[in-house]
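Reminder that position 101 of the sequence shown reads as 100 in numbering that gives the first Met the number 0, one-by-one numbering, no gaps.
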Amino acid sequence: MFGHRKSWSTASSSEFKLFPLNRALSIRSGGNKNQGGSSQGGSRRGFTFSSLRGAGQPELSKKLFCLIKTQNNLIGAYEAAGKERLSVGTQLSDWGEATGDDAVSELSDKVGVLLSELGEQEDVYAHNLDDARSVLKTIRNTEKSVQPSRDNRQKIQDEIHKLKMKEPENTRLVVLEQELVRAEAENLVAEAQLTNITRQKLKEAYAAEFAATIERAEKQIILARHGRRMLNLLDDTPVIPGDTRPQFEHGNQARQILNDAEEDLRDWRLEADDVPVSSQIDSNLMPTSGRADTSYEDEETLQTIPSINESRTSGNYETTSRSQGGTYLPHGTTLVGGGSTSRATNGGGDSKPRATFVEDVDTPNVTRERAEVV
């Protein structure tokens, strides 16, 4: 427990509540923020060119942009720590040689080698973190590409709202509502792509980071254990003035410890639970199957919406009564099967229905209806 040390018998139960034994289960706590939403202990950062670049990011990708930028600072800190560790190992060896004590000189040199290897592990860890960071950039880039789709949809909705308030009979409403249908369809595809890539790349990035953390920790443990073995070779028995220490005779053992450490590092293998990442995403960031294998007579299923069909069919999409089986799709979409109408509707044959978008020039109202499998 933190704070002043108290006897378990004299401390009151109310005092224990001030120092909870468990860690917070989430960092999303309002306790470290004031009413204005800013951290009480944090100082305001000045203007920099990097902050200017962050201000130019789309709203959807701002948080991840800041995260990736902070990770870059973290990687730089690990690289700096690795260089400092190498410097410490070199200076320890130089100092040991200058002492004139053969045992201290020999062992300080060998311990310096182990410390230098610890520094190398920090550098390897920094490179692995950078690889994981580059995976998160894929999510950020996808978020940046989705933002215009959201903005376009919102812009059309605002225009429709203004026209309905000022000129409810304006003929432009029909055109705008048709544009809104297309914008919603495009945004639906973009949002599906975003959630697909977000889940996959988030899993991939932090699986790689945690694997790198395990590697760094276990290899550092290996080096630390051999370092402690090395220290056991140094005789620290006190001597009285005038006595001379015996000559150091463990040089071969010290070299063998270094060989053992090198062999253990070479034989190290990662032993951790696998984190499988789905590979069922095509180049369009959609499932490779692209279709749901579900009977529409038994249950309702949300279909995956592919890109807009370039060869749009003329006329309205067909709708059925809400009592019939089907799937909820955005206005302006219909399910089209690969075979005949009866085969797609009755679930027979091998063809699977898919969702596509068609123009609806006769229906100005934007609604959500059940689409018939045709």
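Ideal Cβ placement from N, Cα and C applies to all residues, glycine included.
Bear in mind that the values here come from a model prediction, so they are computed numbers and not experimental data.
By a C-beta neighbour count over all protein chains shown, 10 Å radius and 16 as the cutoff for buried, is residue i buried or exposed?
| i | result |
| --- | --- |
| Glu168 | exposed |
| Glu166 | exposed |
| Val110 | buried |
| Thr170 | exposed |
| Glu142 | buried |
| His126 | exposed |
| Val112 | buried |
| Lys218 | buried |
| Thr340 | Since pLDDT at Thr340 reaches only 38, below the 50 mark, its modelled position is unreliable, and no value is offered. |
| Ala76 | exposed |
| Ile239 | exposed |
| Arg265 | exposed |
State the DSSP-derived secondary structure class of residue i, mapped to helix, strand or coil.
| i | result |
| --- | --- |
| Pro147 | helix |
| Pro57 | coil |
| Leu162 | helix |
Beta-carbon within less than 7 Å of residue i's beta-carbon, same chain only, minus the 5 sequence neighbours each way: which residues are those?
| i | result |
| --- | --- |
| Asn186 | Ser148, Arg149 and Arg152 |
| Asp122 | Glu78 and Gly81 |
| Val274 | Lys202 and Ala206 |
| Gly226 | Val110 and Leu113 |
| Ile213 | Leu269 and Ala271 |
| Ser92 | Ser107, Asp108 and Gly111 |
| Arg139 | Ser60, Leu63, Phe64 and Ile67 |
| Pro329 | With a pLDDT of 41 at Pro329, under the threshold of 50, the modelled position of this residue cannot be trusted; read the value that follows with caution. Only Glu183, Ala184, Leu187 and Arg367 meet the Cβ criterion. |
Which residue comes first and which comes last in the alpha helix (DSSP H) that contains residue i?
| i | result |
| --- | --- |
| Ile196 | Arg171 to Leu230 |
| Ala253 | Gly250 to Asp266 |
Tell me which same chain residues have a C-beta within less than 6 Å of the C-beta of residue i, skipping the five on either side of it?
| i | result |
| --- | --- |
| Val406 | Residue numbering for the chain in the displayed model covers 0 to 373; residue 406 lies beyond these limits and cannot be assessed. |
| Pro57 | Lys143 and Gln146 |
| Lys68 | none |
| Leu162 | Asn169 and Leu172 |
| Ala131 | Ala204, Ala207 and Glu208 |
At a cut-off of 7 Å, would you count residue i as near the ligand ADP, judging by its Cβ distance to the nearest heavy atom?
| i | result |
| --- | --- |
| Glu261 | Among the components of this structure there are no ligands whatsoever, and the ligand ADP is therefore not found. |
Which residues in the same chain have their Cβ closer than 8 Å to the Cβ of residue i, if we skip the five residues on either side of it in sequence?
| i | result |
| --- | --- |
| Thr236 | none |
| Asp263 | Ile221 and His225 |
So with Cβ pairs under 8 Å, would you call residue i a contact of chain B?
| i | result |
| --- | --- |
| Glu178 | In the structure shown, chain B cannot be found, because there is only a single protein chain. |
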